[in-house]
Each structure stands twice: as structure tokens, then as C-alpha cells.
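S.K.: Take this structure, written in C-alpha cells, and hold onto it; I'll ask about it next.
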Amino acid sequence: MYRMHRGHESMHVEMILIFLCTLVIAQIVLVQWRQRHGQSYNLVTLLQMWVVPLYFTIKLYWWRFLSMWGMFSAITSYILFRATRKPLSGRTPRLVYKWFLLIYKLSYAFGVVGYLAIMFTMCGFNLFFKIKARDSMDFGIVSLFYGLYYGVMGRDFAEICSDYMASTIGFYSMSGMPTRSLGDNVCAVCGQKIIVELDEEGLIENTYQLSCNHVFHEFCIRGWCIVGKKQTCPYCKEKVDLKRMISNPWERTHFLYGQILDWLRYLVAWQPVEQQHKQTQHPLHLSHCDRFLIQGCSPFVKPTMDLLSLMWLIRYFLLQHLAITRIF
Numbered sequence: 000m001y002r003m004h005r006g007h008e009s010m011h012v013e014m015i016l017i018f019l020c021t022l023v024i025a026q027i028v029l030v031q032w033r034q035r036h037g038q039s040y041n042l043v044t045l046l047q048m049w050v051v052p053l054y055f056t057i058k059l060y061w062w063r064f065l066s067m068w069g070m071f072s073a074i075t076s077y078i079l080f081r082a083t084r085k086p087l088s089g090r091t092p093r094l095v096y097k098w099f100l101l102i103y104k105l106s107y108a109f110g111v112v113g114y115l116a117i118m119f120t121m122c123g124f125n126l127f128f129k130i131k132a133r134d135s136m137d138f139g140i141v142s143l144f145y146g147l148y149y150g151v152m153g154r155d156f157a158e159i160c161s162d163y164m165a166s167t168i169g170f171y172s173m174s175g176m177p178t179r180s181l182g183d184n185v186c187a188v189c190g191q192k193i194i195v196e197l198d199e200e201g202l203i204e205n206t207y208q209l210s211c212n213h214v215f216h217e218f219c220i221r222g223w224c225i226v227g228k229k230q231t232c233p234y235c236k237e238k239v240d241l242k243r244m245i246s247n248p249w250e251r252t253h254f255l256y257g258q259i260l261d262w263l264r265y266l267v268a269w270q271p272v273e274q275q276h277k278q279t280q281h282p283l284h285l286s287h288c289d290r291f292l293i294q295g296c297s298p299f300v301k302p303t304m305d306l307l308s309l310m311w312l313i314r315y316f317l318l319q320h321l322a323i324t325r326i327f
């Protein structure tokens with residue numbers, strides 16, 4: 000190997016400098032695009048996350064992922080169709096938020112299970128159940144990947160539906176004042192009457208009141224703030240204190256999970272420089288990370304990998320064709 004690369008030191012230095020300069024410029028362009036035109040940035044990112052996996056699944060015959068992707072896309076397309084109709088049905092907002100809240104909770108559960116499975120494998124707990132490290136690691140990575148991927152997709156589609164529905168109802172406008180006045184005991188998200196009082200315990204859902212004294216259905220305001228990524232009141236646009244609204248410490252973990260999904264979207268969808276750099280390598284020259292992912296983890300590896308390192312591994316799976324075939 001050393002003889003093959005002898006005399007190429009200057010060329011390697013130039014390649015590294017070009018790679019670093021392109022990486023810095025690309026990051027600056029992406030940050031500026033996100034700050035100046037956030038809506039188009041999110042839309043293009045969503046299209047990449049939605050369409051690009053379809054190409055690989057069809058090309059490499061990943062039928063399990065293709066079937067799940069097809070079911071998710073079919074149901075979500077129907078939800079999008081219902082959310083963009085005018086006039087908007089009174090049942091549509093609650094249907095939309097219930098669906099995306101379900102996707103959010105399922106993805107959260109799959110992500111936690113996958114993360115714990117990976118950590119248990121790295122600590123060697125799989126030996127107590129007589130499970131091979133390769134099998135337990137595969138299960139953890141598959142669960143974590145599906146949870147994070149559909150969590151990102153669900154939040155982005157929920158944000159699009161939230162804007163369309165709220166603008167159609169008239170209590171919310173992305174720019175300017177609302178076109179309708181909000182009556183007493185009316186939810187500004189779905190426009191339906193609120194039956195359960197604030198001091199009463201609801202059979203299915205409770206009623207929430209924000210600091211601006213506007214009241215909402217539980218599913219509506221949770222879908223608006225947590226799943227739809229809105230941090231303001233749907234009517235008056237006052238800042239929403241989510242920690243005050245949701246006092247249960249176990250439910251506050253959803254906020255951190257939502258931030259992790261936003262980070263994952265950036266890592267997966269925008270890696271043009273890194274992908275181009277990886278394609279210049281010979282496919283048989285596997286790095287240490289490739290061997291680690293393909294051969295499985297040793298049960299005696301110390302669990303020093305934190306959550307951000309785990310996000311890096313998931314992104315690495317999406318970019319490496321040799322490793323990603325084992326996920327699907």
C-alpha cells in the first residue's frame with residue numbers, strides 16, 4: 000500500500016485542502032439558505048429524505064423497507080390530501096394530528112428500543128440471553144433507523160399540514176393578522192368547540208390553556224407544538240412555554256427527541272461533499288468503521304458512545320452502500 004502511494008503526497012495534500020474548503024463553503028451556503036429561506040430549505044430537505052431512499056430500495060431490492068415506506072407514503076398522502084382541501088372538514092385537523100402524533104410516539108419507542116439494544120450489546124448483556132452480538136446489534140440498528148427516519152418524515156409532513164389547515168381555518172396566518180376572531184371555548188387549531196373544562200379530567204383528552212389564556216384540545220396543541228414544530232400560540236403568536244404546559248418529566252423527553260430528529264435531518268440530507276469524497280475510495284478498501292459495522296460489535300467494547308455518536312453511525316449507514324444493505 001505504501002509503495003502504491005509513494006510520490007503522491009502533494010496530490011493528497013491538495014485533495015484534503017479542496018475537501019476542507021468545499022466542506023466549509025457548503026456549510027456556509029446551507030446555513031444561509033436555512034436562515035433566509037427556511038421554508039424552501041425544509042421542503043427540499045423533505046423531498047430528499049422521502050424520494051432518495053425509494054431509489055435505493057428499488058435498485059437493491061430492499062422489500063421490507065419498500066413495503067413500510069409504501070404504507071407510510073400512502074397513508075400520509077391521504078392525510079395531506081385531506082389537510083389541503085377547501086373547505087376544510089371539521090374532523091380533519093384532529094385526524095391529522097392524531098396520525099402524526101401516533102407516528103411520533105411509535106418512532107420514539109422504536110428509537111429508544113434500538114438505542115438500548117445497541118448499548119446492551121456493547122456492554123455484553125446479550126450474552127446473558129444467549130444472543131449473538133451480530134443479531135442483537137442488527138436488531139438495535141434496524142429499530143433505531145426506522146424510528147429516526149419516520150420520526151423525521153412525520154414531523155416535516157405535520158408541519159406542512161399545520162400551516163395549511165391553520166391558514167384555511169382562519170385563526171392563524173403565517174404573515175399578518177388572523178382572518179377570523181376566536182370565540183369563547185373554541186380551539187384555534189381545529190376550530191371545534193371545547194367541551195371539557197380546564198379543571199375537569201377528560202375521558203379521552205384534557206383541555207390546555209396557554210399563558211395567553213387561549214384554550215385548546217390536548218391532541219391539537221400537542222400536535223401543533225411538539226409534532227408540528229410550532230413554538231407560538233396558533234392565534235396570537237405569543238411564545239409558548241412548553242415546559243410549563245407539560246409538567247410531566249417523562250413527557251419532556253419528547254422535546255429532546257424532536258431536536259435530535261432535526262439534527263439527523265441535517266446530517267442525512269446534506270452530505271454532498273462527504274458522499275463525493277467517499278466515492279473516490281476503492282470499494283474494497285474498508286475503513287475501521289466499515290469493519291466495525293459489518294462484522295458486528297464485540298461484547299467487550301466499552302459503552303463510550305453517546306447519542307451524537309449514535310447519530311453519526313446512522314448517517315454513516317445511509318452513506319455507505321456496503322453497510323446499509325444489512326439494515327433493510
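Under numbering that gives the first Met the number 0, think of the first position of the sequence shown as 0, with each following residue one higher. Idealized CB from N, CA, C, for every residue including glycine.
Expressed to the nearest angstrom, what Euclidean distance is found between the alpha-carbon atoms of residue 333 and residue 95?
M.R.: The requested residue 333 does not occur in the structure, where the chain is confined to residues 0 to 327.
S.K.: Buried or exposed: residue 16, going by 16 or more other Cβ atoms within 10 Å of its Cβ?
M.R.: The count along the sequence shown starts at 1 and reaches residue 16 at position 17. Residue 16 should be labelled exposed.
S.K.: Taking residue 183 as the reference, which of 111, 234, 148 and 163 has the closest Cα?
M.R.: Translated into the one-based positions of the sequence shown, residue 183 becomes position 184. The candidate whose alpha carbon is nearest that of residue 183 is 234.
S.K.: If you reduce the DSSP assignment to three classes, tell me which class residue 97 lands in.
M.R.: Walking along the sequence shown from the start, residue 97 turns up at place 98. Correct three-state label for residue 97: helix.
S.K.: Alpha carbons only, please: which of 27, 124, 45 and 185 is nearest the one belonging to residue 157?
M.R.: Counted from its first residue, the sequence shown places residue 157 at position 158. For residue 157, the nearest C-alpha among the options comes from 45.
S.K.: Who are the near neighbours of residue 65 in its chain, counting only those whose CB is closer than 6 Å to its CB and skipping five residues on each side?
M.R.: Looking up residue 65 in the sequence shown gives position 66. The answer, listed in chain order, is 56.
S.K.: Buried or exposed: where does residue 98 fall if 16 or more other Cβ atoms within 10 Å of its Cβ makes it buried?
M.R.: As a working note, residue 98 is residue 99 in the sequence shown. Residue 98 is buried by the Cβ-count criterion.
S.K.: By the DSSP assignment, the beta strand (DSSP E) with residue 206 in it spans what residues?
M.R.: Looking up residue 206 in the sequence shown gives position 207. Where residue 206 is concerned, the enclosing beta strand (DSSP E) stretches over 206–208.
S.K.: Here's the rule I'm using: 16 or more other beta-carbon atoms within 10 Å means buried, otherwise exposed. How should residue 68 be labelled?
M.R.: The residue labelled residue 68 in the question sits at position 69 within the sequence shown. With 16 or more other Cβ atoms within 10 Å, it is buried.
S.K.: What do you reckon, are the CB atoms on residue 106 and residue 149 nearer than 8 Å?
M.R.: The sequence position of residue 106 within the sequence shown is 107, counting from 1. The sequence position of residue 149 within the sequence shown is 150, counting from 1. Contact: yes.
S.K.: In or out: residue 116 buried (at least 16 other Cβ within 10 Å) or exposed?
M.R.: To locate residue 116, count along the sequence shown from 1; it is residue 117. Buried: at least 16 other Cβ atoms inside 10 Å.
S.K.: Contact between the region 127–136 and the region 17–37 is defined here as three or more beta-carbon pairs at a separation below 8 Å; is this criterion met?
M.R.: Too few Cβ pairs lie closer than 8 Å, so no.
S.K.: Could you please give the first and the last residue of the uninterrupted beta strand (DSSP E) stretch that includes residue 64?
M.R.: Counting from 1 along the sequence shown, the entry for residue 64 is found at position 65. Segment 62–82 is the alpha helix (DSSP H) holding residue 64; no beta strand (DSSP E) there.
S.K.: Bridge partners of residue 192, per DSSP?
M.R.: The residue you call residue 192 lines up with position 193 of the sequence shown. DSSP output for residue 192 lists 185 as bridge partner(s).
S.K.: Give the range of the alpha helix (DSSP H) segment to which residue 55 is assigned.
M.R.: Locating residue 55 in the sequence shown gives position 56, counting from the first residue. Here the alpha helix (DSSP H) through residue 55 covers 37–59.
S.K.: I need the boundaries of the beta strand (DSSP E) containing residue 124, first residue and last residue.
M.R.: Along the sequence shown, one-based indexing puts residue 124 at 125. Here residue 124 belongs to no beta strand (DSSP E), and DSSP marks it neither H nor E.
S.K.: So the candidates are 211, 217 and 78; which of them puts its Cα closest to the Cα of residue 192?
M.R.: Walking along the sequence shown from the start, residue 192 turns up at place 193. Nearest C-alpha to residue 192: 217.
S.K.: Among all the DSSP beta bridges, which residues are the ones paired with residue 215?
M.R.: For the purposes of this step, residue 215 is identified with residue 216 of the sequence shown, where counting begins at 1. Per DSSP, 207.
S.K.: Could you check what DSSP says for residue 131 in three-state terms: helix, strand or coil?
M.R.: Locating residue 131 in the sequence shown gives position 132, where the first residue counts as 1. Three-state DSSP puts residue 131 in coil, outside helix and strand.
S.K.: Can you give me the C-alpha to C-alpha distance between residue 140 and residue 111, rounded to a whole angstrom?
M.R.: The residue you call residue 140 lines up with position 141 of the sequence shown. The residue you call residue 111 lines up with position 112 of the sequence shown. Residue 140 and residue 111: Cα-Cα distance of roughly 11 Å.
S.K.: Can you look up residue 104 in the DSSP assignment and give me helix, strand or coil?
M.R.: Taking the sequence shown and counting its residues from 1, the one referred to as residue 104 is at position 105. Correct three-state label for residue 104: helix.
S.K.: Return the chain-ordered list of same chain residues with a C-beta closer than 6 Å to the C-beta of residue 197, the five sequence neighbours on each side being excluded.
M.R.: For the purposes of this step, residue 197 is identified with residue 198 of the sequence shown, where counting begins at 1. Hits under 6 Å: 206 and 208.
S.K.: Measure from the alpha carbon of residue 80 to the alpha carbon of each residue in 204, 215 and 164, then state which is nearest.
M.R.: Counting from 1 along the sequence shown, the entry for residue 80 is found at position 81. Nearest option by C-alpha distance: 164.
S.K.: When the Cα atoms are used, what is the spatial distance from residue 122 to residue 210?
M.R.: By one-based count along the sequence shown, residue 122 stands at place 123. By one-based count along the sequence shown, residue 210 stands at place 211. Straight-line Cα distance between these residues: approximately 45 Å.
S.K.: Which whole-angstrom value is the C-beta distance of residue 85 and residue 167, which I expect to be below 8 Å?
M.R.: Along the sequence shown, one-based indexing puts residue 85 at 86. Along the sequence shown, one-based indexing puts residue 167 at 168. About 6 Å; that satisfies the 8 Å criterion.
S.K.: Please state whether the Cβ-Cβ distance between residue 145 and residue 119 is less than 8 Å.
M.R.: One-based indexing of the sequence shown puts residue 145 at position 146. One-based indexing of the sequence shown puts residue 119 at position 120. Cβ atoms of residue 145 and residue 119: not closer than 8 Å.
S.K.: For residue 185 versus residue 219, is the C-beta distance shorter than 8 Å?
M.R.: To locate residue 185, count along the sequence shown from 1; it is residue 186. To locate residue 219, count along the sequence shown from 1; it is residue 220. Their beta carbons are not under 8 Å apart, which means residue 185 does not touch residue 219 by this criterion.
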